[in-house]
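Reading through the structure tokens given below for one structure.
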Amino acid sequence: MAAQPNASTSPIIERDASAPFAYLSTPLAALDLQPGLVSCAQFCQHVQSLAQYLPEHPYAINLCENRYLFTVVFCAVLVRSQTNLLPPNKANNTLLSLAEQHPSYVIHDGSLEYSLTNNTPKVDLSQLVPGLAPFTSTSLPRVTNHHIAAICFTSGSTGQSQPIVKTWGTLSAANHHNARFMLSDLSQTTYQIATVPGQHMWGLETTVLMPLVADTVMSDAKPFYPSDIAGLAAQLPKPRLLVSAPIHLRALVNAGLALPACERILCATAPLPQVLASQVEHSLQGKVAEVYGCSEMGSMAVRFTAESQTWRLFDAFALNQLQTGHSQATASHIDQSVVLGDFLELVDEHHFRLTGRTDDVVNIAGKRGSLAEINRILLQYEGLEDGVAFLPPNKKRLAALVILKPGHTTQGLADYFREHIDPAFVPRPMVAVPQLPRSENGKLSHKAVLDCYQRTRPT
45 MAAQPNASTS PIIERDASAP FAYLSTPLAA LDLQPGLVSC AQFCQHVQSL AQYLPEHPYA
105 INLCENRYLF TVVFCAVLVR SQTNLLPPNK ANNTLLSLAE QHPSYVIHDG SLEYSLTNNT
165 PKVDLSQLVP GLAPFTSTSL PRVTNHHIAA ICFTSGSTGQ SQPIVKTWGT LSAANHHNAR
225 FMLSDLSQTT YQIATVPGQH MWGLETTVLM PLVADTVMSD AKPFYPSDIA GLAAQLPKPR
285 LLVSAPIHLR ALVNAGLALP ACERILCATA PLPQVLASQV EHSLQGKVAE VYGCSEMGSM
345 AVRFTAESQT WRLFDAFALN QLQTGHSQAT ASHIDQSVVL GDFLELVDEH HFRLTGRTDD
405 VVNIAGKRGS LAEINRILLQ YEGLEDGVAF LPPNKKRLAA LVILKPGHTT QGLADYFREH
465 IDPAFVPRPM VAVPQLPRSE NGKLSHKAVL DCYQRTRPT
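With our numbering, the residue at position 270 of the sequence shown is 314, and numbering never jumps.
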């Protein structure tokens, strides 16, 4: 199915037509599909069929919740030489703002209600009855490398979410780098389970784009609860691949369920404690590969966290230490360099260690401390389900929002902290909350944390 090399274009899919591409856990009326396997040839037919149906607008706000439909839409948009808009969230004001800035249409699968009140055209794939017209071709056209395939957005974890332009050339090249360094030692067709959404960079690269080039079968589902993850895994053949985030892996381990084996677990979006990585490997009988990256550069390094704290940089990337102490990243497939938000210790040209974030140093009572290190210690407390330590505005002490396991108290957590850090950095207050305002990717934005603190702090 792969086309001949061409410097100015790249193929959308590079898999054998008969190879399995996706596993569907639910019927899809728009494509006249029942649960089960979908081949690469069928996927190409679905993309071509949908491409004929799309409105004549240069941008598509892709809101499909079903991962397979999201991928079909993403590629159909490319076939039509349009651009995917992948908003940072699905709040109505966010969608309205996006639609006002770009001549676009909204396409979704009916799983959520969108109350956009402007004249933005809307395509609901769940209402396509009896479905799309069949298309017989089992190949897809090549896409020019300079075509803007998607506009993604930063997570907003440290401030306002910012747009990131991704050309097809960049995404296509990244796809090959990612498959090589994340999956190179897996020799068989791997069946994928993902707890993260495909709309954001981590899920987009690994669960939507990677199956276009790697011998990986995506699943259309996005299981949330540990029992759902275990149930979906039990439906899939071995070997299995789990794509997740630390918060989801922590919940999976804490659930204490008997879990089907996963040969590889890919994890990103937040630091993964080494203890948790070891627990996950024991529970899932597989190796945890933690991936480092950022929205601007995509995935760029990997480490097997249970064994080592040193990162292996992908070959396409290079790091340069600036006089300020910051590190600048460049890549052969990305036009612009990026100054990273982490302090790095460069071991050699292919390896580095993280030593802290550039924005996480706090001064308390004349002492300097690292928020990243304080949060690492917090997350290792055995009585914790989830938590975050932070410095509220105009305050001289840290605070924390925590979810404690039954039988544990904030006093017990404070005692634990005093055994591990200077008393000046023990958060006060520690506010017990029912849940943290994490995004679907498991991330916490600074604004969401402060808003939650304002609502729940003691008066």
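Note that CB positions come from ideal geometry on N, CA and C, so glycine has one too.
Since we're looking at a predicted model, the values are computed, not measured.
Taken through DSSP and simplified to helix, strand or coil, His490 comes out as helix. His221 counts as buried, since at least 16 other C-beta atoms from the protein chains shown sit within 10 angstroms of its C-beta. Arg186 is the residue among Arg186, Pro147, Pro207, Pro281 whose C-alpha sits nearest the C-alpha of Leu256. Here Pro79 is exposed: its Cβ has fewer than 16 other Cβ atoms, across all protein chains shown, within 10 Å.
With respect to Arg111, Ser263 sits close: the two C-beta atoms are nearer than 8 Å. A residue is called buried when at least 16 other Cβ atoms come within 10 angstroms of its Cβ; Gly213 meets this threshold and is buried. Shown here for Phe197: same chain residues with a beta carbon closer than 6 Å to its own, the five before and five after excluded, namely Pro132, Ser205, Pro207 in chain order. Residue pairing for His395: DSSP places it in a beta bridge opposite Arg356, Asp392. With fewer than 16 other Cβ atoms from the protein chains shown falling within 10 Å of its own Cβ, Lys439 counts as exposed. When DSSP states are grouped into helix, strand and coil, Thr188 belongs to the strand group. The beta carbons of Thr233 and Phe268 sit no closer together than 8 Å.
Taking the Cα of Ala194 as reference, the smallest distance to any Cα among Thr138, Gln236, Ala223, His244 is reached at His244.
Annotation note: the stretch 293 to 327 contains the following uninterrupted beta strand (DSSP E) runs of length 3 or greater, listed N- to C-terminal: 308 to 311. By the beta-carbon neighbour count (other beta carbons within 10 angstroms, threshold 16), Leu488 is buried. With at least 16 other beta carbons inside 10 angstroms of its own, Arg294 counts as buried.
Sequence-distant partners of Arg347 (beyond 5 residues in either direction) whose C-beta falls short of 8 Å from its own C-beta, in its chain, are Ala333, Glu334, Tyr336, Gln353, Thr354, Trp355, Arg356. Secondary structure at Asn438: coil, using DSSP grouped into helix, strand and coil. Note that the C-beta distance between Val297 and Val324 is below 8 Å. Going by beta carbons, His190 and Asp168 fall outside the 8 Å limit.
Judged by DSSP in its simplified three-state form, Thr214 adopts helix. Pro471 sits buried, since 16 or more C-beta atoms from the chains shown fall within 10 Å of its C-beta. Here Gly247 has Val240, Pro241 as same chain residues with Cβ atoms under 6 Å from its own Cβ, once five neighbours each way along the sequence are excluded.
Remark: C-beta atoms of Ser327 and Leu303 approach each other more closely than 8 Å. Only exposed fits Val383, as fewer than 16 other CB atoms lie within 10 angstroms of its CB. Between Cys88 and Ser181, the C-beta spacing is below 8 Å. DSSP, read as helix, strand or coil, puts Asp404 in coil.
In this structure the stretch 94 to 101 lies against the stretch 120 to 130, because at least three pairs of beta carbons, one per stretch, are closer than 8 Å. The straight-line gap separating the alpha-carbon atoms of Leu107 and Gly410 is approximately 48 Å. With 16 or more other Cβ atoms inside 10 Å of its own Cβ, Arg284 counts as buried. Around Ser148, the same chain offers His101, Pro102, Tyr103, Ala104, Ile105, Leu129, Leu142, Thr164 as residues with beta carbons nearer than 8 Å, after the five sequence neighbours per side are excluded. Nearest neighbour of Leu310 by Cα position, chosen from Thr53, Met254, Ala299, turns out to be Met254. Ala194 is bridged by DSSP to Asn128, Lys210. In the three-state DSSP reduction, Ser339 falls in the coil class, being neither helix nor strand. Contact check for Ile291 against Gly486 passes: the beta carbons are separated by less than 8 Å. For Gln279, the enclosing alpha helix (DSSP H) stretches over residues 270 to 279. In the structure shown, Asp76 falls within a coil segment according to DSSP collapsed to helix, strand and coil.
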